[in-house]
Structure formats: C-alpha cells, structure tokens
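**Q** Quick one: the structure is below, questions incoming.
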Amino acid sequence: MKARVFITLKPGVLDPQGEAVRHSLGTLGFDGIKGVRQGKVIELELAETDAATATTRVRAMCEQLLANTVIEDYALEIAE
Amino acid sequence: MKAGVIVFPGSNCDRDLAVALERASGHRPAMIWHKEVSLPRGLDLIGIPGGFSFGDYLRCGAIAARSPICRAVVEFARQGGHIFGVCNGFQILTETGLLPGTLMRNANLKYICKDIDLTVETSNSAFTSAYRRGQNIRIPIAHHDGNYLADDALVADLQSQDRIAFTYRENPNGSVAGIAGVLSENRRVLGMMPHPERLNDPALGGADGAMLFRSLVENLVAA
C-alpha cells in the first residue's frame, strides 16, 4: 500500500521561502495572496497490507526522521 | 587531548578541523567514517565538521544524525564526553537532539560566506575559557541554513543558564537573539555556525579561532 506524508511548518514558524514565493507571485500579477507556506510531500510504497499497522509505522517514521517535530507538523494519507 | 573527527559523505571541513585540533594538541585526531558503529577508546573530544552531509537531503544534518556512528556519539555525550559541532556539525547536533532548537534557511534566503564579528557570551565552558566574556572576535561563516530558531521559553532558558556561547554583532541570517552558538545543559556539547578552524593561523588572515582549540587543550588535557 501507499502512504503519503505531508510535512508543513508549524504555525508561527517564519517561512522565508514561502514569503519569497508570495512576493514572486505578486510580481506576476497574482494579487490578493495573504500568505504562502511551503512544505513537502513524501510518498512511500509499503509492503504492509494492513492500514492500521501502516499508519502506526509511518507515524513512527515521521517522529524519528521524516519531520523535525521542533518546527514541523505532519499529516498522513494511507491508500491501497 | 585525544580527538576524533566524524566524516560523512559530503563533509568538507573535516581536514581543516583535524589540522586545527592537531596544531593545538600535538596529536593527530582519529578520522571516523560514518558507517563505524563505535568510537575509538579514550577520546576526550569528538568534532563534527562542516559540509553538506548527505547533500543536505531531507533537512540539513537529518540523515547524518541517524547514521550508525551518531548512536555512538549520542552515547558518548550521555557519558559526559565533549562534542564540538561546526556549521553542518551544529545542524547535525540539533537533529540528534543533543542541542536544542533548529537551524532554518537564512532569512534573506542567501548563502552567506564572509568573515563576521562575534561576541563571546560566556567563557564558562571548555570551548571558550581562553576568551574573555564580551570579547569581540572575527570568524568566518559559510552557510545557507544558519538561522537559529528557538521558542521564547528556550531562549529564556539558554540566557538564564548562560548557554549562549557566541552571538553575531550584526545578525546576518535572522537567528533569534543573534545566536551563533549554543551549549548543552552540561556545557560539554557546543554547536556553532561560524568556522573557528578557518581562522586558526595568522598566515590565513587571523587567528581568533585558535583560542577555541587552545581552550579545549587546556581543559581536556588536565581533565
């Protein structure tokens, strides 16, 4: 099965890259953008077939490596 | 003083750090590859060098911090060992949890490489005892991700426990409270973004970095 991990900066953590993207969009004429936050998506192919077990394992992966929980939040999606 | 320097794929300041340690101590450091699972016996200090370990993939220092040798490094710290991380080494130490906070992309999004003035904030550590508190020193920085981030509570703790080792006189990268280097709670782990090993010889334009290595030798030989 497949897992998708969405990693985003915690609220309140300044995101200079997102701010640069917002500024650049403004330069292109896209106005009205109140904020941009940049994150990342990590896709995993798992041998596991049980969704609950997969969720537990991917959560552990996030805690131990995929996210820096000092500054980042993560969300999961598990699909067949 | 017996030192070891950890080498990761992408480390590029490992030899400079080894030269600085050897000049100060008279002993050539052991160079330790990241796949090793244990450290040589009897080390007084572990140096974690600058560079771009594992290409800065995922986050700066994230992959290196989970490499086999880093388990041994964390254990060395638990037993009270001294560890010195420079630049990418500082990032690796925050990723292992041995130092608090994290290093984010520079506020101006630019890679910055220049000599910069620092204030020595504490002389109360094995790394900084040869400096005077409040001393102005000049040391190079060379980083893209040196913007030290800590929440207000952590900054207050670092200040009240005298754990901020160095601050920038003019903040180049957006670091909270201008922090350039921090100490662990037991004061035996130091991480800093500037590179003292790069201004370690007057022939190279300055030697303000040499006093850090001299401090280490004075403190760790006696220990």
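Residue numbers (the working numbering), protein chains in the order written: chain P, 1428 to 1507; chain E, 1449 to 1671.
A virtual CB, placed ideally from N, CA and C, is assigned to each residue, including glycine.
Nothing here was measured: the structure is a model prediction, and the numbers come from that model.
Would you grab the beta carbon distance between valine 1432 of chain P and valine 1468 of chain P for me? Rounded to a whole angstrom, and I think it's under 8 angstroms.
**A** Right, the Cβ-Cβ distance comes to about 7 angstroms (below 8 angstroms), so this counts as a contact.
**Q** Using the rule of at least 16 other Cβ atoms within 10 Å of the residue's Cβ for burial, across every protein chain shown, is leucine 1455 of chain P buried or exposed?
**A** That one is exposed.
**Q** Can you tell me which of E:Val1522, E:Gly1657, E:Phe1456 puts its alpha carbon nearest to the alpha carbon of isoleucine 1564 of chain E?
**A** For isoleucine 1564 of chain E, the nearest C-alpha among the options comes from E:Gly1657.
**Q** Helix, strand or coil for alanine 1447 of chain P per DSSP?
**A** In the structure shown, alanine 1447 of chain P sits in a helix (DSSP, three-state: H, G or I).
**Q** Between lysine 1562 of chain E and proline 1588 of chain E, what straight-line distance do the alpha-carbon atoms span, to the nearest angstrom?
**A** Roughly 5 angstroms separates the two Cα atoms.
**Q** Nearest CA to the CA of tyrosine 1596 of chain E: which residue from E:Pro1642, E:Gly1622, E:Asn1584?
**A** Closest option to tyrosine 1596 of chain E, Cα to Cα, is E:Gly1622.
**Q** Note the first and the last residue of the continuous beta strand (DSSP E) segment covering alanine 1430 of chain P.
**A** Run containing alanine 1430 of chain P: 1429 to 1436, per the beta strand (DSSP E) assignment.
**Q** Ends of the alpha helix (DSSP H) at leucine 1602 of chain E?
**A** That run of the alpha helix (DSSP H) goes 1600 to 1608.
**Q** Could one say the Cβ of leucine 1638 of chain E lies closer than 8 angstroms to chain P's Cβ atoms, at least one of them?
**A** It does not; no Cβ of chain P falls within 8 angstroms.
**Q** What span of residues does the beta strand (DSSP E) with glutamate 1504 of chain P cover, start to end?
**A** Residues 1499 to 1506.
**Q** Roughly how many angstroms separate the alpha carbons of leucine 1498 of chain E and glutamate 1507 of chain P, rounded to a whole number?
**A** The identity of residue 1498 of chain E in the sequence shown is glycine, whereas the question assumes leucine. C-alpha separation (whole angstroms): 42 angstroms.
**Q** Could you tell me whether the Cβ of proline 1438 of chain P comes closer than 8 angstroms to any Cβ of chain E?
**A** No, no contact with chain E.
**Q** Which residue from E:Leu1493, E:Arg1581, E:Arg1514, E:Phe1575 puts its Cα closest to that of valine 1568 of chain E?
**A** Per the Cα distances, E:Arg1581.
**Q** Give me the chain E residues within the contact set of alanine 1447 of chain P, using Cβ-Cβ distance strictly less than 8 angstroms, ordered along the chain.
**A** Within chain E, the residues near alanine 1447 of chain P are Leu1557.
**Q** Checking contacts by CB at 8 angstroms: is arginine 1662 of chain E closer than that to chain P?
**A** Chain P contact via Cβ: absent.
**Q** Any C-beta of chain P within less than 9 angstroms: which residues of the region 1601 to 1618 of chain E qualify?
**A** Residues: none.
**Q** Using a threshold of 7 angstroms, is the CB atom of leucine 1660 of chain E nearer than that to any non-hydrogen atom of the ligand GTP?
**A** With respect to small molecules bound, the structure shown includes none, and the ligand GTP cannot be examined in it.
**Q** Please return the same chain residues whose Cβ sits closer than 7 angstroms to the Cβ of arginine 1449 of chain P, not counting the five positions on each side in sequence.
**A** Ile1460, Gly1462, Val1463.
**Q** Just the C-alpha distance for isoleucine 1531 of chain E and glutamate 1475 of chain P, rounded to the nearest angstrom, thanks.
**A** Using only the alpha carbons, I get a separation of about 40 angstroms.
**Q** If you draw a straight line from the C-alpha of asparagine 1667 of chain E to the C-alpha of alanine 1574 of chain E, how long is it?
**A** Between asparagine 1667 of chain E and alanine 1574 of chain E, the C-alpha separation is close to 6 angstroms.
**Q** Just checking: is the beta-carbon of threonine 1544 of chain E within a distance shorter than 8 angstroms of some beta-carbon in chain P?
**A** Judged by the 8 angstroms Cβ criterion, threonine 1544 of chain E is not in contact with chain P.
**Q** Give the residues of chain P in contact with alanine 1512 of chain E, contact being defined as C-beta atoms less than 7 angstroms apart.
**A** Within chain P, no residue comes near alanine 1512 of chain E; the closest Cβ sits about 12 angstroms away, beyond 7 angstroms.
**Q** By DSSP's criteria, arginine 1586 of chain E is part of a beta bridge. Which residues make up the other side?
**A** For arginine 1586 of chain E, which the question treats as bridged, DSSP gives the partners E:Asp1565.
**Q** Against leucine 1631 of chain E, what residues of chain P qualify as contacts under a CB-to-CB distance less than 9 angstroms, listed in chain order?
**A** Those do not exist, as leucine 1631 of chain E stays about 18 angstroms from chain P at its closest Cβ, beyond 9 angstroms.
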